[in-house]
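See below for the structure under consideration.
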Amino acid sequence: MAKVSLKNIKKSYDDTQILDDLNLDIKNKEFIVLVGPSGCGKSTLLRMIAGLEDITAGDIIIGDKIVNHLEPKDRNIAMVFQNYALYPHMSVFKNISFGLRAAKLAKAQIKEKVEAAAKILEISDLLERKPAQLSGGQRQRVSIGRAMVRNPEVFLFDEPLSNLDAKLRNSMRAEIKKLHQTLKTTIIYVTHDQIEAMTLADRIVVMKDGKIQQVGTPLQVYKKPANKFVAGFIGSPEMNFVEYADKFLGIRPEDIYLKEAAPTLKNQKSISGKISAVETLGPESLITITSGNSHITAKVPGLFKGKIGKNIDFVFSMTDSHSFDKKTEERM
Amino acid sequence: MKPIWSAKKALIWTLLAIGAIIMMTPIIFMFSASFKYNDQLYDLALISSEPTLSNYVYLSQNTQFLTWMVNSFIVAIIVTLSVLFFDALIGYTLCKFRFKGRTVIFVAILSTLMIPTEMLVIPWYIVAKDLGILDSYLGLIFPGLMSGFGVFLMKQFFQGVPDEYLDAARIDGLNEFQIFIEVALPLVTPALSALAIFTFLGNWTAFLWPLIVTSSADLYTIPVGLSSFSGEFQSEWQMIMTGAAVASLPTIMIFLLLQRYIIRGVILGGLKG
Amino acid sequence: MNKSPRTIKQKRALWAWLFLTIPLIYFIAVRFYPTVGAFSISLTQWNIVGDKTYIGFDNFIALYHDPVFWGVLSNTFEYLLLGVPISLLLSFIIAYYLDQVRFGHGFLRACYFIPFLTTAVAMAWVWRWFYQPVSIGIINLALGEMGILQLDFLRSTTQALPAVLAPAIWAGLGFQIIIFMAGIRAIPMTYYEAAKIDGAGSWQILKEITMPQLRPTITFLVVISSIGFLRIFDQVYNMTQEGEGGPLNATRPLVLHIYKTAFDNFEMGMAAAQTVVLFVILMIITALQLRILQK
Chain A
0 MAKVSLKNIK KSYDDTQILD DLNLDIKNKE FIVLVGPSGC GKSTLLRMIA
50 GLEDITAGDI IIGDKIVNHL EPKDRNIAMV FQNYALYPHM SVFKNISFGL
100 RAAKLAKAQI KEKVEAAAKI LEISDLLERK PAQLSGGQRQ RVSIGRAMVR
150 NPEVFLFDEP LSNLDAKLRN SMRAEIKKLH QTLKTTIIYV THDQIEAMTL
200 ADRIVVMKDG KIQQVGTPLQ VYKKPANKFV AGFIGSPEMN FVEYADKFLG
250 IRPEDIYLKE AAPTLKNQKS ISGKISAVET LGPESLITIT SGNSHITAKV
300 PGLFKGKIGK NIDFVFSMTD SHSFDKKTEE RM
Chain B
0 MKPIWSAKKA LIWTLLAIGA IIMMTPIIFM FSASFKYNDQ LYDLALISSE
50 PTLSNYVYLS QNTQFLTWMV NSFIVAIIVT LSVLFFDALI GYTLCKFRFK
100 GRTVIFVAIL STLMIPTEML VIPWYIVAKD LGILDSYLGL IFPGLMSGFG
150 VFLMKQFFQG VPDEYLDAAR IDGLNEFQIF IEVALPLVTP ALSALAIFTF
200 LGNWTAFLWP LIVTSSADLY TIPVGLSSFS GEFQSEWQMI MTGAAVASLP
250 TIMIFLLLQR YIIRGVILGG LKG
Chain C
0 MNKSPRTIKQ KRALWAWLFL TIPLIYFIAV RFYPTVGAFS ISLTQWNIVG
50 DKTYIGFDNF IALYHDPVFW GVLSNTFEYL LLGVPISLLL SFIIAYYLDQ
100 VRFGHGFLRA CYFIPFLTTA VAMAWVWRWF YQPVSIGIIN LALGEMGILQ
150 LDFLRSTTQA LPAVLAPAIW AGLGFQIIIF MAGIRAIPMT YYEAAKIDGA
200 GSWQILKEIT MPQLRPTITF LVVISSIGFL RIFDQVYNMT QEGEGGPLNA
250 TRPLVLHIYK TAFDNFEMGM AAAQTVVLFV ILMIITALQL RILQK
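Residue numbers (numbering that gives the first Met the number 0), protein chains in the order written: chain A, 0 to 331; chain B, 0 to 272; chain C, 0 to 294.
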């Protein structure tokens, strides 16, 4: 039963404001991803929830307890770190059971819990190894196991996949998602990678400069970005922006079509320009054109054979476009 | 293909080997003489025609060499343990905690490295005399219980320990002292062994302070005991060599057992310190 | 608001001060207080039993006019000026070639390193024995067998100082070799490979790559060994008659002089003044070396 509420959270070091009056309600069993560029305060926020960092003002409520001044161990949380934080001098078993031993649990109970977690994570045969003998993915599993055995009501993940290579990251992502469905606990997950955020989250919290920019399901954030920053941050390749009268007009590369291959579009608009770059990704191609002094990128299916320097026409639907106020950069 | 042994390489190797023999000569002759009778000393043969243990027997029965060995061990081990614990604790605190006065304390401790021991022995002697701890174990060990060098070394090494390790332990509910003992210390064992080697060796061979602070033979450490014994036994060189061998044996034995760790430790301590 | 629980930052600071309390007391009592003490005693005349008399800088003035003290200083610098270049040159040459040797590398290295682990007092007596006149000392014994003239070593006012210095150099060599080899190993192989491709000879590589890259190592060893030779004591005390630093003070270094002044003559004020001189010399030499070598 652990919903997590952040009420009017502020954080400053000396004179620098890190987090500014932040409010967020996380539902029980929800998978929340905090995403944003480095320095946006997402990790600090996570560490504050964990009890590793002071709150300058405001309240953190886990379950129905205000935990502002509780020690980490009394908050019913567990945390998985970016560099795994596995102790090199201890076996996998010792690492996973470290917290349980600190809590002075009975030996049999410790063994039972560790073995259960190891089974779920499929690391049962690695328990006697040292961390140095494990691959990156295995280490990450062990560090998740270490968090699991404490039966926390809230899991905190601090960029857990950043140290893995791209391929492993994809498969670990799927596993973490699966794990959430098995464990049915609240997860607060910090990352700078918007793909991770999109694929994992029930709801995404986009942050910048210590402020929440938008909270919403991945689809909401993608389809209806609250402001120009969110629009640019979520989605890859990045959304195109064109200054237009008193607003920014944003259109995602995947919403732009080659004129000759376009489906029927409501409210169709066209842009033409010179091809300035072509990147072939295999199943699709990225074409960038220069029109006036703006660059527009389109993502088109298949192999694109046009030459750089040639003129080309793009079309898109105004219904797919996003408008942002030029001054406030808020969605209009 | 080049030959594995070029003439130049063979020459270098031979010269290095000759150098190595020269380096070992004093140690070899010391041990050799310790198994000889007095009248065989001027014989350059390394192994005497009738080797004898009589010098060792004489030393163990008629002198206090055993007491001096024990004293040296007690002093060196207590000082080493204290230095390991406190220097690691200070280095850890200065590295991993943020608090007012941190830099001042670090600079102050570092500045003690510039003060030569010789400058401190006179005030130490006077204080020890006033406290009545001249000629006691406490008098022997108190100057060495913590060292600026060790603090610096340990702080350098703790910088390589990611804070996540400590945070993970905090979440697991350990208090800060438990984190230091159970998490931080095991992560810097190479530094600890380097510091242990330097501290033990330094105290085992220390001469000036033990010479000053002890006055009764019961409390001599092995260098002081050997020095006073040799002064009395002038001309009995086989006895002196046996004493010297006894004094040198422990460190040489430790080296032969832990060669790799010691060389690695000396490099770590030397380069980072 | 006063009653609000402690913040994490405050708790950590509390732990930090808890950890540092005993160390701070120790460092104040056993390092800082005695340091100040040495300076203040140096301004007094005091035979330890009687009362201290404040005499200003008289001790330093007396030292300035004392020819024996100047002799001691000159000995001290002789140890430094002979010891540092000889030991560094030897250890560099050995390290440079030992690094290239694979066969028996560990064994050779151990032979060079073991003297570093010996007790200086013990080895001083071994060397003292070596230096004895013929029929006892093995060096003169060997010289005799080769039909070469006997050497006086410790009995000569000119040969005694180098003879005392030799075991000090010998014992320190192993450490310097190990550090030099670590320094040589730390130079990236790519530098050598690039130089070879450029057609550089081994002398040019040594001069233009190895030596400059070893600069931090050399600086470190120069400073450390200088401090060591300036503080030489164990060897002199144990190799000279009655530990006097003779013959005729020919080998007496500053630290031995301090020891004699303080603990034979019980002139504590004067001895403290001499330690202040030692301190100043160490500071100046170290500062100079760092300044010149760290450019």
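Heads up, the beta-carbon is just placed ideally off N, CA and C, and yes, glycines get one too. In this text the structure is predicted, and so the values were computed from the model without any measurement.
Checklist entry - Distance, Cα to Cα, B:P161 vs B:K95? => result Rounded to whole angstroms, the gap between the alpha carbons of B:P161 and B:K95 is 10 Å.
Next on the checklist: Let me see if you follow: with CB-CB separation under 7 Å, is B:I11 close to chain A or not?
Outcome noted: no
Item to check | Check whether A:P217 and A:M197 have beta carbons under 7 Å apart | outcome: yes
Checklist entry - The beta strand (DSSP E) spanning B:L207 covers which residue range? => result Not the beta strand (DSSP E): B:L207 falls in the alpha helix (DSSP H), residues L207 to V212.
Checklist entry - Using a beta-carbon distance below 7 Å, is C:I283 in contact with chain B? => result no
Next on the checklist: For the stretch 34-50 of chain B, list every residue whose C-beta sits within 7 Å of some C-beta in chain C, in sequence order.
Outcome noted: L40, Y41 and L43
Checklist entry - Which residues, taken in chain order from the stretch 183-202 of chain A, show a beta carbon closer than 9 Å to some beta carbon of chain E? => result Within the model displayed, chain E is absent; protein chains A, B and C are what it includes.
Next on the checklist: On the CB-based measure, 16 or more other CB atoms within 10 Å of its CB, does A:R138 come out buried or exposed?
Outcome noted: Answer is buried; the Cβ neighbour count reaches 16.
Next on the checklist: Please report the distance separating the alpha-carbon of C:T20 from that of B:G201.
Outcome noted: 26 Å
Checklist entry - When the cut-off is 7 Å and only beta carbons count, does B:P115 lie next to chain C? => result yes
Checklist entry - At which residues does the alpha helix (DSSP H) containing A:R202 begin and terminate? => result A:R202 -> not in any alpha helix (DSSP H); beta strand (DSSP E) instead, spanning R202 to K207.
Checklist entry - Measuring CA to CA, which of C:T117, C:I60 and C:L142 is closest to B:L248? => result The residue with the shortest Cα to Cα distance from B:L248 is C:T117.
Checklist entry - For A:D53, which residues in chain C fall below 9 Å Cβ to Cβ? => result T6, I7, K8 and Q9
Next on the checklist: For the stretch 149-170 of chain B, list every residue whose C-beta sits within 7 Å of some C-beta in chain A, in sequence order.
Outcome noted: Cβ contacts with chain A: P161, E163, Y164, D166, A167, R169 and I170.
Item to check | For C:Q234 and C:V123, the rounded distance between their alpha carbons | outcome: In the sequence under discussion, the amino acid at residue 123 of chain C is Ala, which differs from the Val named in the question. One C-alpha to the other measures close to 5 Å.
Checklist entry - Out of C:M188, C:I231, C:E192 and C:V163, which has the shortest C-alpha to C-alpha gap to C:T239? => result C:V163
Item to check | Neighbour list for A:H294 in chain C, Cβ cutoff strictly below 7 Å | outcome: The premise fails here: A:H294 is roughly 40 Å from chain C at the closest Cβ pair, so nothing lies under 7 Å.
Checklist entry - At a cut of 8 Å, does the stretch 112-123 of chain B reach the stretch 27-40 of chain C through at least three beta carbon pairs? => result yes
Item to check | Cβ-based neighbour list, C:P166, same chain, cut-off 7 Å, excluding 5 preceding and 5 following | outcome: M122, A123, W126 and Q234
Next on the checklist: In the DSSP output, which residue or residues are listed as bridge partners for A:K64?
Outcome noted: A:I61
Checklist entry - Counting Cβ pairs, one atom from each stretch, are 3 or more of them under 8 Å apart for the stretch 162-175 of chain B and the stretch 74-85 of chain A? => result yes
Next on the checklist: Taking the beta strand (DSSP E) that A:F156 belongs to, which residues open and close that run?
Outcome noted: Note, A:F156: beta strand (DSSP E), V153 to D157.
Item to check | Residues of its chain near B:Y36, where Cβ-Cβ distance is below 8 Å and the 5 sequence neighbours each way are ignored | outcome: S47, E49, T51, S53 and Q237
Next on the checklist: Tell me the rounded alpha-carbon separation between A:V335 and A:T296.
Outcome noted: Summary: the structure shown does not reach residue 335 of chain A, with chain A confined to residues 0 through 331, and so no result is reported for it.
Item to check | Simplified DSSP state of A:K72, which is helix, strand or coil | outcome: helix
Item to check | Cut-off 8 Å between Cβ atoms - residues of its own chain near B:S214, not counting five sequence neighbours on either side | outcome: L133 and D134
Next on the checklist: Using a Cβ-Cβ cutoff of 8 Å, what residues of the stretch 183-201 of chain B are near chain A? List them in chain order.
Outcome noted: P185, L186 and T188
Next on the checklist: Counting C-beta neighbours from all protein chains within 10 Å, is the total for B:L130 16 or more, i.e. buried, or is it exposed?
Outcome noted: By the neighbour-count rule (16 or more Cβ atoms within 10 Å), B:L130 is not buried but exposed.
Next on the checklist: If we define contact as Cβ-Cβ less than 7 Å, is B:G172 a contact residue for chain A?
Outcome noted: A Cβ of chain A is located within less than 7 Å of the beta carbon of B:G172.
Next on the checklist: Can you pull the chain C neighbours of A:H68, defined as C-beta to C-beta under 7 Å?
Outcome noted: P4
Next on the checklist: Please report the distance separating the alpha-carbon of B:L40 from that of B:E231.
Outcome noted: 19 Å
Checklist entry - Going by other Cβ atoms of all chains shown within 10 Å of its Cβ, with 16 needed for buried, is A:V220 buried or exposed? => result buried
Item to check | Rounded C-alpha distance that separates C:A12 from C:I223 | outcome: Whole-angstrom Cα-Cα distance: 36 Å.
Item to check | Nonlocal neighbours in the same chain, by C-beta distance under 8 Å from A:I76, ignoring five residues either side | outcome: Counting only Cβ-Cβ distances below 8 Å, and skipping sequence neighbours, we find I48, A49, G50, I61, P151, E152, V153, F154 and L155.
Checklist entry - What number of angstroms, rounded off, separates the C-alpha of A:F30 from the C-alpha of B:R263? => result The alpha-carbon of A:F30 is positioned some 48 Å away from that of B:R263.
Checklist entry - What are the partner residues of A:M78, as DSSP defines its beta bridges? => result A:L155
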